[in-house]
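Structure, as structure tokens:
Protein chains: 2
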Amino acid sequence: MSSIKDVAELAGVSIATVSRYLSDPESIRRDNREKVARAIQRTDYAPNALAQNFRRGRTGIIMVVLPSVGDPFFTEVMRGIAQVASERHYSILIRETEMNTLSLDEYSDIVLSKQADGIILLASTCPITPMRRRPKASRPAPIILGCENVTPDLGNLFSVRIDNRAAARKATRHLLELGHERIAFISGSAGSELTADRERGYVAAMKRAGKKIADGWIVPGQLTIDGARDATRALLQHPQAPTAIFCANDEMAMGCIHEIKQAGLRVPDDVSVIGFDDTRYAAITDPPLTTIAQPAELIGQRTMLRILDAVDGIDIGSEPEIVPHKLVLRASTGAPAS
Amino acid sequence: MSSIKDVAELAGVSIATVSRYLSDPESIRRDNREKVARAIQRTDYAPNALAQNFRRGRTGIIMVVLPSVGDPFFTEVMRGIAQVASERHYSILIRETEMNTLSLDEYSDIVLSKQADGIILLASTCPITPMRRRPKASRPAPIILGCENVTPDLGNLFSVRIDNRAAARKATRHLLELGHERIAFISGSAGSELTADRERGYVAAMKRAGKKIADGWIVPGQLTIDGARDATRALLQHPQAPTAIFCANDEMAMGCIHEIKQAGLRVPDDVSVIGFDDTRYAAITDPPLTTIAQPAELIGQRTMLRILDAVDGIDIGSEPEIVPHKLVLRASTGAPAS
DNA sequence: CAGCAAACTGTAAACGTTTTCACCATGCCC
DNA sequence: GGGCATGGTGAAAACGTTTACAGTTTGCTG
Chain A
22 MSSIKDVAEL
32 AGVSIATVSR
42 YLSDPESIRR
52 DNREKVARAI
62 QRTDYAPNAL
72 AQNFRRGRTG
82 IIMVVLPSVG
92 DPFFTEVMRG
102 IAQVASERHY
112 SILIRETEMN
122 TLSLDEYSDI
132 VLSKQADGII
142 LLASTCPITP
152 MRRRPKASRP
162 APIILGCENV
172 TPDLGNLFSV
182 RIDNRAAARK
192 ATRHLLELGH
202 ERIAFISGSA
212 GSELTADRER
222 GYVAAMKRAG
232 KKIADGWIVP
242 GQLTIDGARD
252 ATRALLQHPQ
262 APTAIFCAND
272 EMAMGCIHEI
282 KQAGLRVPDD
292 VSVIGFDDTR
302 YAAITDPPLT
312 TIAQPAELIG
322 QRTMLRILDA
332 VDGIDIGSEP
342 EIVPHKLVLR
352 ASTGAPAS
Chain B
22 MSSIKDVAEL
32 AGVSIATVSR
42 YLSDPESIRR
52 DNREKVARAI
62 QRTDYAPNAL
72 AQNFRRGRTG
82 IIMVVLPSVG
92 DPFFTEVMRG
102 IAQVASERHY
112 SILIRETEMN
122 TLSLDEYSDI
132 VLSKQADGII
142 LLASTCPITP
152 MRRRPKASRP
162 APIILGCENV
172 TPDLGNLFSV
182 RIDNRAAARK
192 ATRHLLELGH
202 ERIAFISGSA
212 GSELTADRER
222 GYVAAMKRAG
232 KKIADGWIVP
242 GQLTIDGARD
252 ATRALLQHPQ
262 APTAIFCAND
272 EMAMGCIHEI
282 KQAGLRVPDD
292 VSVIGFDDTR
302 YAAITDPPLT
312 TIAQPAELIG
322 QRTMLRILDA
332 VDGIDIGSEP
342 EIVPHKLVLR
352 ASTGAPAS
């Protein structure tokens with residue numbers, strides 16, 4: 022591949038001039054402009070991105086860490102992220118971290134060692150351990166959260182998300198208002214702060230309504246279809262089997278509904294099911310899924326915009342940006358059989 | 022951030038020694054090894070990836086181009102890709118190209134200008150235009166295909182995929198064997214070679230069985246849920262409405278089934294539906310979906326391995342690597358009502 | 001046409017590595 | 001003890017840009 026030097030030689034100017042042509046053609050004289058343009062054509066020159074990035078000290082990469090690329094909700098968030106990224110000429114680097122915990126230090130190192138300019142942590146199923154060292158860093162590495170909120174001792178990570186607790190309360194209240202009393206909750210896994218908040222909302226709503234939550238009504242479902250199927254089977258065999266099940270995401274709701282039908286029961290006649298996320302499949306499940314809608318794409322866009330701000334040195338603070346959610350009524354919930 | 026120079030100074034050795042320590046600690050003397058190790062500790066040093074890559078002339082990035090990150094099949098392929106990538110310390114850079122056509126030249130430029138070491142083209146919905154220029158490049162840029170096969174004039178791009186035609190024949194034959202005569206096909210979009218091949222398989226199987234394909238039985242569905250719903254509505258109103266519908270992917274099959282139920286018909290009693298891909302949702306649709314299973318994750322792994330070979334300068338040729346597929350029988354297909 | 005500002009250009013340094021090359025010890029063999 | 005391989009080291013070049021600085025040309029004004 023030809024370099025800027027070849028172009029300069031062919032055009033009969035210095036490499037500085039070529040470089041200037043590249044960044045701002047107007048800044049060089051007309052005749053040189055044309056000579057350089059021709060030389061670039063002839064040599065088939067394209068700037069070496071590696072050298073540019075090195076020189077500029079930026080990678081042009083934002084790393085996105087997420088537990089599973091398969092999850093349709095994250096997919097939607099990713100779409101928002103990718104959209105802003107391409108507008109701003111940034112690339113996104115996806116890292117899937119099934120379960121392995123990385124400490125904030127390690128993420129910080131990724132930025133410091135110039136593997137990425139910033140990091141977006143999408144709801145991690147693993148507890149993020151706080152930062153130990155490097156108080157010396159003049160300015161903290163740009164790391165922010167999407168969707169997730171996080172244990173308070175982690176300190177001040179900015180995030181864009183909905184109010185998960187309020188949303189879960191709303192979902193639970195919907196079931197209560199339909200007349201359900203025995204409402205179960207299929208959560209994520211132990212480490213997930215994201216679903217923990219939803220669980221808190223569920224518990225709070227039940228409490229406020231004066232309903233008891235029986236042992237075994239809160240079942241972990243790993244946020245996966247299969248996890249939810251197992252959880253659902255357990256719930257259906259529970260001595261006080263629930264008449265409604267609140268699943269912490271839509272994937273699990275799909276697994277849950279399938280398992281209920283499998284058991285010969287009907288949704289919502291025998292058991293109501295409510296999901297969370299309003300993914301693309303929610304409208305075409307059978308029955309169509311009542312769920313909490315999150316503006317996933319918007320979350321992605323906002324998160325990306327904010328991290329780019331942070332990369333540019335703008336202080337984005339640590340006050341989370343809360344985006345709206347809403348309850349979408351479809352046909353998977355109804356009054357309990359009396 | 023401290024550089025190798027700081028470490029060298031603190032340790033009292035040259036930067037060359039530090040560099041050698043980093044790449045192979047055994048290659049330096051014991052006492053220096055310890056001094057350097059201590060100095061690295063004390064300075065909190067981590068190599069600057071930007072500088073390393075620049076110096077080495079490699080990006081450590083493989084770009085993956087795909088039409089939609091949302092598609093669960095591609096998601097599965099991505100998982101395979103990501104897995105190999107992380108083993109080999111490569112990063113993947115996702116580029117979503119809704120519809121915009123890029124020429125092979127442009128992809129080639131991305132590699133030549135060191136934005137990525139290689140490119141994987143996952144089934145593009147857009148026709149890839151062949152390469153015009155740059156015959157000068159000593160060796161073609163490593164660009165290979167996953168899933169997709171491509172118009173012959175594009176020449177010699179290696180690919181890993183199933184035999185789509187044979188698979189589609191198998192799916193169609195399954196319906197024929199159940200006794201269906203009026204079988205429709207919901208394809209992708211016009212530009213998609215991928216679904217074009219499936220369409221060819223469908224046509225071939227129908228022909229061989231001596232069944233006519235009525236006008237309007239082959240409907241484009243854009244590979245999306247909504248596209249398939251529209252297509253299905255059209256098919257149900259067709260004067261010779263089909264008793265079985267073959268969808269070019271599972272997403273469309275899900276949309277199709279939903280629309281059939283919407284119309285008050287039953288699957289498979291009134292209309293049989295068969296999908297393609299065997300995504301994670303196939304088993305939990307209602308009824309569970311009969312479909313063609315592709316080893317998506319394997320395709321991803323193999324594709325990534327081969328492109329890494331190509332990046333290393335190994336000639337991988339252009340003979341496609343064909344991986345096995347199979348027909349998975351579930352409950353969405355059955356004999357036609359007589 | 002002198003003088004001066006403005007516009008443009010070239011030289012060279014810098015970014016942080018890796019790696020070649022020459023060099024210096026050290027230990028071994030004769 | 002001289003020669004020689006061996007193992008380790010440091011100086012310096014190189015990778016391809018961008019950019020500060022100084023220098024040169026151009027155009028304008030009086």
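Going down the list, the protein sequences come from chains A and B. Just remember that the working numbering sits 21 ahead of the position in the first sequence, which is counted from 1. Just remember that the working numbering sits 21 ahead of the position in the second sequence, which is counted from 1. Idealized CB from N, CA, C, for every residue including glycine. As the structure is a prediction and not an experimental result, all values here were calculated from the model.
Within 8 Å, strictly: CB atoms of residue i and residue j
{"i": "Val344/B", "j": "Leu319/B", "result": "yes"}
{"i": "Ile141/A", "j": "Val132/A", "result": "no"}
{"i": "Leu125/A", "j": "Val85/A", "result": "no"}
{"i": "Gly248/B", "j": "Met275/B", "result": "no"}
{"i": "Glu280/A", "j": "Leu215/A", "result": "no"}
{"i": "Thr311/A", "j": "Phe297/A", "result": "no"}
{"i": "Val28/B", "j": "Asn53/B", "result": "no"}
{"i": "Ile266/B", "j": "Ala205/B", "result": "yes"}
{"i": "Val332/B", "j": "Asp130/B", "result": "no"}
{"i": "Leu256/A", "j": "Ala284/A", "result": "no"}
{"i": "Phe95/B", "j": "Pro341/B", "result": "no"}
{"i": "Asp307/B", "j": "Asp307/A", "result": "yes"}
{"i": "Glu117/A", "j": "Ala70/B", "result": "no"}
{"i": "Leu196/A", "j": "Thr80/A", "result": "no"}
{"i": "Phe75/B", "j": "Ala72/A", "result": "yes"}
{"i": "Ile207/A", "j": "Val181/A", "result": "no"}
{"i": "Ile25/B", "j": "Ser40/B", "result": "yes"}
Expected contact under 8 Å - CB spacing of residue i and residue j to nearest Å
{"i": "Pro309/A", "j": "Ser134/B", "result": "Wrong, their Cβ atoms sit about 48 Å apart, outside the cutoff."}
{"i": "Ile328/B", "j": "Ile83/B", "result": "6 Å"}
{"i": "Gly91/B", "j": "Gln322/B", "result": "21 Å between Cβ atoms; not a contact."}
{"i": "Arg190/A", "j": "Gly222/A", "result": "4 Å"}
{"i": "Gly212/A", "j": "Gln243/A", "result": "Not confirmed; about 11 Å, so no contact."}
{"i": "Asn270/A", "j": "Asp218/A", "result": "About 13 Å; that fails the 8 Å criterion."}
{"i": "His346/B", "j": "Ala314/B", "result": "6 Å"}
{"i": "Ile115/B", "j": "Ile115/A", "result": "6 Å"}
{"i": "Ile246/B", "j": "Arg301/A", "result": "6 Å"}
Partners in chain A for residue i, counting only beta-carbon separations shorter than 9 Å
{"i": "Tyr111/B", "result": "Result: empty, since nearest Cβ-Cβ is about 10 Å, beyond 9 Å."}
{"i": "Met360/B", "result": "This structure gives no information on residue 360/B, because the portion of chain B shown stretches from 22 to 359."}
{"i": "His279/B", "result": "Ala304, Ile305, Thr306, Asp307 and Pro309"}
{"i": "Leu114/B", "result": "Ile82, Ser112, Ile113, Leu114 and Ile115"}
{"i": "Thr216/B", "result": "Here the premise fails: no neighbours, minimum Cβ distance about 20 Å."}
Cross-chain neighbours of residue i in chain B, by beta carbon under 9 Å
{"i": "Gln315/A", "result": "What Gln315/A touches in chain B: nothing, since even the nearest Cβ is about 16 Å away."}
{"i": "Ala103/A", "result": "Val90, Ile115, Arg116 and Glu117"}
{"i": "Thr193/A", "result": "Result: empty, since nearest Cβ-Cβ is about 25 Å, beyond 9 Å."}
Partner residues on chain A for residue i, Cβ-Cβ distance less than 8 Å
{"i": "Ser134/B", "result": "Met22, Ala67, Pro68, Asn69 and Ala70"}
{"i": "Arg301/B", "result": "Gly91 and Ile246"}
{"i": "Gly167/B", "result": "What Gly167/B touches in chain A: nothing, since even the nearest Cβ is about 15 Å away."}
{"i": "Thr96/B", "result": "Val90, Gly91 and Thr96"}
Partner residues on chain A for residue i, Cβ-Cβ distance less than 7 Å
{"i": "Met99/B", "result": "Val90"}
Interface partners of residue i on chain B, CB under 8 Å
{"i": "Asn130/A", "result": "In the sequence as presented, Asn is not what sits at residue 130/A; that position holds Asp. Within 8 Å Cβ-Cβ: Ala67."}
{"i": "Gly78/A", "result": "Leu71"}
Proximal residues of chain B, C-beta to C-beta of residue i below 7 Å
{"i": "Gly276/A", "result": "Ile305"}
{"i": "Lys282/A", "result": "Asp307"}
Quick check: the segment 292-306 of chain B against the segment 193-209 of chain B, are at least 3 beta-carbon pairs closer than 8 Å?
yes
Short-range partners of chain A found in the segment 58-75 of chain B, where Cβ spacing is below 7 Å
Asp65, Ala67, Pro68, Asn69, Ala70, Leu71, Ala72, Asn74 and Phe75
Would you call the segment 224-232 of chain B in contact with the segment 245-261 of chain B, where contact means no fewer than 3 C-beta pairs closer than 8 Å?
no
Going along the segment 341-356 of chain A in order, which residues come within less than 8 Å of chain B, judged by CB to CB distance?
none
At a CB distance below 7 Å, what residues from the segment 228-252 of chain B approach chain A? Give them in sequence order.
Ile246
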